[in-house]
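The next block holds one structure in the form of structure tokens; read it before the comments.
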Amino acid sequence: MSPSRPLVFAHRGGAEALPEHTLAAYVRALDEGADGVECDVRLTRDGHLVCVHDRRLNRTSNGTGLVSAKTLAELDALDYASWHPAAATEDLPVEHTRLLTLERLLDALRDRGLGVRLLIETKHPSRYGADVERRLVEMLRRYGLAEPVPDDPVRVTVMSFAALALRRIRTLAPGIPTVYLLEIPPPGVRRGRLPFGAKIAGPSIGLIRARPNLVESLRAAGHGAYVWTVNREEDVNLVLAQRVDGIITDRPGFVIDRLEKLPPV
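To convert, take the position in the sequence shown, counting from 1, and add 8; that gives the numbering used here.
What follows is the structure in structure tokens.
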């Protein structure tokens, strides 16, 4: 893929083909050629960072209740794969479909040794508030990833819809790039301004459709744009026309195939 092409990130590991936030999904996405992957993190009751999108367990496991009210051991006892159609057709190793902690994901990505990009979204509101970012930065420091260098085996960027979360990251680890996620733009963003030192905007594909000049305004202000969640061919075409920097998708293989069919630039 040409360097001028946008980066392709597997949303929740590539949530269409395999159960989201499972190691199986992340491995598949990287094997398909994704430049990076995206995950959401939440804190458990006993202070562990786990990769689960929803506040509640009901949709993507056989458990119920709040993620934040469970211990790591309680969460690890649940089934995170059988809800997905792929569970009936693919022979997925149990080790690749159990609860995914951020630590296990970092280990798996580091072991690949390919300079994988990892987008980590901190989920808010959370009963643990600033502890989410503090625990995250502590873990990244343990892995030597809080002060990025070009040859890191994993290159981390932190994302959030919460501007205060990005401010905490900037204070705790100013070298980590941040993405300000957008679904409804606050005042100033339409003129290209982002809060608290964020250099990359993360608008939804719906917002791009509604405000076709947004990416141009961001670019004029010196900001990049990673767009989510881009799954349809017409949306791939739209963001390519907008010359975005990153495409976050549930279908990384599909998007990569579309990009590879483009004429050289």
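We put the beta carbon where it would ideally sit given N, CA and C, even for glycine.
Values in this document were obtained by computation on a predicted structure and should not be read as measured data.
DSSP three-state label for residue i, please.
i       : result
Asp-8   : This structure gives no information on residue 8, because the portion of the chain shown stretches from 9 to 273.
Ile-256 : strand
Ser-134 : coil
Phe-262 : helix
Thr-179 : helix
Glu-146 : helix
Pro-71  : For clarity, residue 71 is Gly in the given sequence; the question names Pro instead. Three-state result, Gly-71: coil.
Val-187 : strand
Arg-217 : helix
Ser-12  : coil
Val-238 : coil
Val-102 : helix
Gly-21  : helix
Leu-308 : For the chain, the structure presents residues 9 to 273; residue 308 sits outside this window and is missing.
Val-157 : coil
Glu-129 : strand
Ser-76  : helix
Ser-168 : strand
Arg-2   : Past the boundaries of the shown model lies residue 2; the chain is included only from 9 to 273, so the question cannot be answered.
Ala-233 : strand
Compute the beta-carbon to beta-carbon distance between residue i and residue j, rounded to the nearest angstrom, for a pair I have assumed lies under 8 Å.
i       : j       : result
Gly-22  : Pro-260 : 5 Å
Gly-232 : Ile-256 : So it is not a contact: roughly 13 Å between Cβ atoms.
Val-166 : Pro-156 : At roughly 11 Å, the Cβ-Cβ gap does not stay under 8 Å, so Val-166 and Pro-156 are not in contact.
Arg-20  : His-29  : 5 Å
Glu-241 : Arg-266 : 7 Å
Ala-18  : Glu-46  : 7 Å
Under 9 Å, do residue i and residue j count as touching if we go by C-beta distance?
i       : j       : result
Val-60  : Arg-50  : yes
Leu-127 : Tyr-234 : yes
His-132 : Leu-31  : no
Ile-264 : Gly-123 : no
Ala-154 : Val-145 : yes
Trp-236 : Leu-174 : no
Val-16  : Gly-254 : yes
Leu-110 : Val-58  : yes
Ser-69  : Leu-80  : no
Ser-168 : Glu-129 : yes
Arg-149 : Ala-170 : no
Leu-107 : Leu-83  : yes
Arg-120 : Arg-176 : no
Arg-178 : Gly-205 : yes
Just the C-alpha distance for residue i and residue j, rounded to the nearest angstrom, thanks.
i       : j       : result
Asp-43  : Ala-229 : 25 Å
Pro-211 : Tyr-151 : 29 Å
Val-94  : Leu-100 : For the record, residue 94 in the displayed sequence is Ala; it is not Val. About 9 Å.
Leu-65  : Trp-91  : 12 Å
Arg-201 : Arg-227 : 10 Å
Pro-27  : Ala-96  : 11 Å
Val-244 : Asp-62  : 26 Å
Leu-246 : Val-238 : 10 Å
Asp-139 : Asp-48  : 15 Å
Ala-89  : Ala-33  : 10 Å
Glu-98  : Asp-258 : 18 Å
Arg-13  : Val-102 : 36 Å
Leu-270 : Gly-71  : 44 Å
Val-187 : Pro-203 : 10 Å
Between residue i and chain C, is there a C-beta pair that is closer than 9 Å?
i       : result
Gly-137 : No chain C is present in this structure, which holds just one protein chain.
- Message: I'd like to know if the stretch 213-232 and the stretch 181-197 are in contact, where contact means that at least 3 CB-CB pairs between them fall below 8 Å.
- Response: Contact holds: three or more Cβ-Cβ distances are below 8 Å.
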